[in-house]
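*Asks:* Residue numbers (my numbering), protein chains in the order written: chain H, 283 to 606; chain V, 283 to 606.
Glycine included, every Cβ here is placed at the ideal spot set by N, Cα and C.
For clarity, every value in this text was computed on a predicted model and none was experimentally measured.
For reference, the structure I am asking about is given below.
There are 2 protein chains.
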Amino acid sequence: MSKFPNNIFGIIQEDLVAIEKELYSIIQSPVDLVNDISVHLVQAGGKRLRPALYLLCARGGTPNQAELLPMAVAIELIHMATLVHDDVIDNAATRRGRPTANARWGNHSSVLTGDYLFAKAFSAVTLGTEKNRLKILTDVICTMCEGEIVQLKESFNPDQDEADYRLRVAQKTADFIAASCELGALSGQMDEHDVAQIREYGYAIGMAFQITDDILDFTASAEQLGKPVGNDLRQGIVTLPVLYALKNSPYRDELRGIVVKQAMSDNDVKRGLEIVHATEAVEYSYGQVNSYLQHARNVLPLALNSTVRESLLAVADFVGLRKY
Amino acid sequence: MSKFPNNIFGIIQEDLVAIEKELYSIIQSPVDLVNDISVHLVQAGGKRLRPALYLLCARGGTPNQAELLPMAVAIELIHMATLVHDDVIDNAATRRGRPTANARWGNHSSVLTGDYLFAKAFSAVTLGTEKNRLKILTDVICTMCEGEIVQLKESFNPDQDEADYRLRVAQKTADFIAASCELGALSGQMDEHDVAQIREYGYAIGMAFQITDDILDFTASAEQLGKPVGNDLRQGIVTLPVLYALKNSPYRDELRGIVVKQAMSDNDVKRGLEIVHATEAVEYSYGQVNSYLQHARNVLPLALNSTVRESLLAVADFVGLRKY
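Rendered as structure tokens:
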């Protein structure tokens with residue numbers, strides 16, 4: 283995955299460096315294997331989108347400096363924990379071009395390390411954070427689990443509509459990004475109205491982000507993705523481009539036959555990609571992305587200081603532009 | 283597994299009924315599958331040892347009534363979450379004589395439901411509990427994960443000593459039971475010294491409980507256990523009876539050859555059980571159990587009210603007597 287251009291997060295650059303350092307520090311365990319897996323996960327990196335949005339939103343108000351780093355670290359640890367469990371569930375071999383924890387250390391240690399990271403996340407924030415904010419974190423983890431379970435249950439099922447898809451994307455991805463932004467606004471001591479607007483911004487960014495991810499499964503190369511092309515399709519995850527093609531392609535019955543296959547061959551996946559590409563599915567899906575991004579831009583509170591506002595607008599631009 | 287005799291927990295009988303009700307209430311999810319799996323896990327029951335000890339210890343002091351139920355429920359939810367993940371890790375087909383969640387709904391939904399239960403546990407206590415007590419919970423989850431990972435790493439390894447074993451049992455089981463008791467003493471507003479003694483009691487009970495479990499893997503029937511006999515041995519988990527036999531049996535080299543096998547046949551397991559049984563391993567291990575239980579009885583604070591004291595002593599008696 284591409285990193286965000288440095289200038290977007292210029293205002294929180296030092297914070298981001300501090301987060302990296304703190305992530306390594308907090309995961310330290312007397313058990314070597316726990317250390318090895320956790321360090322691998324931190325090194326695997328990623329965009330640190332959620333803690334960056336948390337920090338940006340906090341700096342849009344007047345934050346209490348002491349609480350920023352622990353919360354930012356907790357948010358990233360929760361994200362890391364969900365990723366390591368997702369990779370077990372998807373039986374993924376690579377993520378961001380590196381072997382997954384499950385590929386390297388097995389499913390069992392990976393499940394336990396995910397649990398360990400969840401617990402470490404709460405250890406990081408328990409003592410210094412207001413309880414209603416801890417509740418936001420625990421609630422959003424429940425929601426993410428529900429979203430993932432619905433996704434599992436509905437895989438290989440072509441009889442879904444866009445409303446099902448949007449609910450799933452909200453639960454899996456957008457609600458957590460919304461919560462990261464909301465927690466930032468709360469740390470920034472914004473008023474209730476602005477907190478709600480910032481949350482809405484995060485939600486829209488999250489929807490756009492996940493739909494883009496779902497598009498890239500069809501358009502990016504394996505090298506760009508750091509994982510195989512058509513990975514979602516192969517797992518029977520019915521994303522927006524597939525839903526569009528299932529409705530609008532002249533080959534929709536053939537596509538339907540592919541989507542329901544629990545064990546797709548490489549040729550099935552290739553043909554599925556072809557059918558989707560031959561429709562306007564990608565353009566249609568980008569249309570949805572842009573509509574969410576426009577909404578994200580529109581709901582930003584007017585009172586926000588201009589540097590933060592520009593950064594949050596730049597995040598919206600980037601999410602719309604990223605091609606891998 | 284056997285239930286505790288009713289009279290042991292007579293003093294907290296109403297609380298235990300309330301816990302059952304609250305467990306069903308808190309796991310409710312708009313997602314049917316999440317509900318189904320969670321309800322299955324609550325119904326699978328168990329002794330509710332940890333919340334019962336929490337409540338008993340709390341009632342040994344002067345508890346704030348409002349905080350008891352949420353914490354007791356959180357403790358049981360955390361225990362349930364670890365069990366569902368353990369069953370995935372052990373690839374277990376049955377627990378307490380019923381199909382496991384992974385056997386019925388697959389590993390993936392089970393991993394996610396475990397995560398959901400962890401998060402629900404914290405949702406239950408975040409708003410109404412002092413932060414230092416939340417920290418006790420998060421820290422002990424980290425410890426349990428470390429213990430389980432060490433167990434995985436050291437499976438099929440005959441070169442362990444009793445100190446390794448005790449550390450593992452402490453991390454896997456005793457520390458959480460110790461924390462349940464400690465949290466009870468804190469809810470009961472006991473003084474620092476008594477809190478430490480109660481924690482020590484819980485630790486000793488936990489050690490005795492797990493060593494007994496490890497003995498029962500050799501001595502109980504499959505019907506009594508609700509899972510296959512020799513299950514730990516088959517998974518390469520080197521428990522106290524095995525360690526004893528590896529040191530003292532005339533057939534120790536043969537046993538060593540069995541323990542290192544990653545895929546033991548039924549005959550291997552049967553022969554392993556025979557070799558262990560032909561030594562004093564079971565008697566020796568029960569000797570350790572009794573020594574921990576004696577310590578548990580001795581460390582109970584003198585100031586404890588007599589009904590609670592008698593219940594806690596009865597728990598120690600029961601742990602020593604249970605044969606399945």
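Strictly under 8 Å for the Cβ-Cβ distance: is H/M283 near chain V by that measure?
*Replies:* In this prediction, H/M283 scores a pLDDT of 43, lower than 50, which makes its location untrustworthy; no coordinate-derived value is stated.
*Asks:* Does V/A401 get closer than 8 Å to chain H when you measure Cβ to Cβ?
*Replies:* Yes, contact with chain H.
*Asks:* What are the residues of the region 355-379 of chain V that lie near chain H, defined by any Cβ-Cβ distance shorter than 7 Å?
*Replies:* Listed by position, the residues of the region 355-379 of chain V near chain H (Cβ gap below 7 Å) are H367, V370, I371.
*Asks:* Between the region 316-343 of chain H and chain V, which residues of the former have CB atoms less than 9 Å from a CB of the latter, in chain order?
*Replies:* Listed by position, the residues of the region 316-343 of chain H near chain V (Cβ gap below 9 Å) are V316, I319.
*Asks:* One question on the structure: do V/A406 and V/H322 come within less than 8 Å of each other, judged by their Cβ atoms?
*Replies:* No, these two residues do not count as a Cβ contact at 8 Å.
*Asks:* Do V/Y533 and V/A563 have their beta-carbon atoms positioned less than 8 Å apart in this structure?
*Replies:* Not a contact, by the Cβ cut-off of 8 Å.
*Asks:* Which of the three DSSP states is assigned to V/R380 in this structure?
*Replies:* Strand, per DSSP.
*Asks:* Tell me where the alpha helix (DSSP H) around V/T420 begins and ends.
*Replies:* Note, V/T420: alpha helix (DSSP H), 413-435.
*Asks:* Less than 8 Å between C-beta atoms, sequence neighbours within five positions excluded: which residues of the same chain meet that for V/E505?
*Replies:* Taken in chain order, the residues that qualify are G379.
*Asks:* Between V/T420 and chain H, is any beta-carbon pair separated by less than 8 Å?
*Replies:* Output row for V/T420: interface = yes.
*Asks:* May I ask whether a heavy atom of the ligand MG can be found less than 7 Å away from the beta carbon of V/I480?
*Replies:* Here there are no bound small molecules, and the ligand MG is not part of this structure.
*Asks:* Anything in the region 568-591 of chain V with a Cβ closer than 8 Å to a Cβ of chain H? List those residues in chain order, please.
*Replies:* Residues: none.
*Asks:* May I ask you to report which of helix, strand or coil DSSP gives V/N389?
*Replies:* The answer is helix: DSSP assigns V/N389 an H, G or I state.
*Asks:* Indicate whether H/G488 and H/A456 have their beta-carbon atoms separated by less than 8 Å.
*Replies:* Yes; because the gap between Cβ atoms is below 8 Å, this pair is in contact.
*Asks:* Comparing alpha-carbon positions, which option in H/S392, H/Y485, H/S531 lies nearest H/V451?
*Replies:* Residue H/Y485 is the option with its Cα nearest to H/V451.
*Asks:* Could you give the residue range of the alpha helix (DSSP H) that holds H/I487?
*Replies:* From DSSP, the alpha helix (DSSP H) with H/I487 extends over 474-501.
*Asks:* Using alpha carbons as the reference points, say which of V/A560, V/P312, V/N587 lies closest to V/K529.
*Replies:* Out of V/A560, V/P312, V/N587, V/A560 has the C-alpha closest to the C-alpha of V/K529.
*Asks:* How about H/G539 and H/N572: do their beta carbons lie closer than 8 Å?
*Replies:* It is not a contact, given that the beta carbons lie outside the stated cut-off.
*Asks:* Comparing alpha-carbon positions, which option in V/D496, V/V477, V/I309 lies nearest V/V524?
*Replies:* The option with the nearest alpha carbon to V/V524 is V/D496.
*Asks:* Cα separation between H/H585 and H/A467?
*Replies:* The identity of residue 585 of chain H in the sequence shown is Ala, whereas the question assumes His. About 12 Å.
*Asks:* Can you list, in chain order, the residues of its chain whose CB lies under 6 Å from that of H/A578, leaving out five sequence neighbours each side?
*Replies:* Here the set comprises Y483, A486, I487, A598.
*Asks:* Thinking just about the alpha-carbon of each residue, which of V/D443, V/V355, V/S593 is nearest to the one in V/R332?
*Replies:* When each option's Cα is compared against that of V/R332, the closest is V/V355.
*Asks:* Whether or not the region 383-399 of chain V and the region 425-440 of chain V are in contact is what I'm after, with contact meaning three or more pairs of Cβ atoms, one per stretch, closer than 8 Å; do they touch?
*Replies:* Too few Cβ pairs lie closer than 8 Å, so no.
*Asks:* Leaving out five residues before and five after H/T408 in sequence, what residues of the same chain have Cβ atoms less than 8 Å from its Cβ?
*Replies:* Excluding residues within five positions, the ones whose Cβ falls inside 8 Å are L416.
*Asks:* Applying a beta-carbon distance threshold of less than 9 Å, which residues of chain H neighbour V/I519?
*Replies:* Correct list: empty, because the minimum Cβ distance to chain H is about 12 Å.
*Asks:* Please check if any C-beta of chain V sits within less than 8 Å of the C-beta of H/S311.
*Replies:* Taking Cβ atoms only, chain V reaches closer than 8 Å to H/S311, which makes this a yes.
*Asks:* At a cut of 8 Å, does the region 310-326 of chain H reach the region 385-396 of chain H through at least three beta carbon pairs?
*Replies:* Verdict: yes, contact present.
*Asks:* Using a Cβ-Cβ cut-off of less than 7 Å, list which residues of the region 380-391 of chain V approach chain H; keep chain order.
*Replies:* Under the 7 Å Cβ criterion, the region 380-391 of chain V contributes H390, S391.
*Asks:* Could you check what DSSP says for V/E554 in three-state terms: helix, strand or coil?
*Replies:* One point to set straight first is that residue 554 of chain V is Gly, not Glu, in the sequence displayed. The answer is helix: DSSP assigns V/G554 an H, G or I state.
*Asks:* Under the rule that 16 or more other beta-carbon atoms within 10 Å means buried, what is H/M283, buried or exposed?
*Replies:* Annotation note: pLDDT 43 at H/M283 (below 50); position unreliable, coordinate value reported separately. Classification for H/M283: buried.
*Asks:* Using alpha carbons as the reference points, say which of V/M472, V/F458, V/K329 lies closest to V/L419.
*Replies:* Taking only the C-alpha atoms, the option nearest V/L419 is V/F458.
*Asks:* Using 8 Å as the limit for Cβ to Cβ distance, is H/T455 near chain V?
*Replies:* Not one chain V Cβ lies under 8 Å of H/T455.
*Asks:* If you follow the alpha helix (DSSP H) that H/P345 is in, where does it begin and where does it stop?
*Replies:* Note, H/P345: premise wrong, no alpha helix (DSSP H); not H, not E.
*Asks:* Going by beta carbon distance, what residues of the same chain come within less than 6 Å of H/G343, once the five residues before and after it are set aside?
*Replies:* These residues qualify, in order along the chain: G470, Q471, M472.
*Asks:* Distance check for H/L350 and V/K435, CA to CA, integer angstroms please.
*Replies:* If you take the alpha carbons of V/K435 and H/L350, they lie about 36 Å apart.
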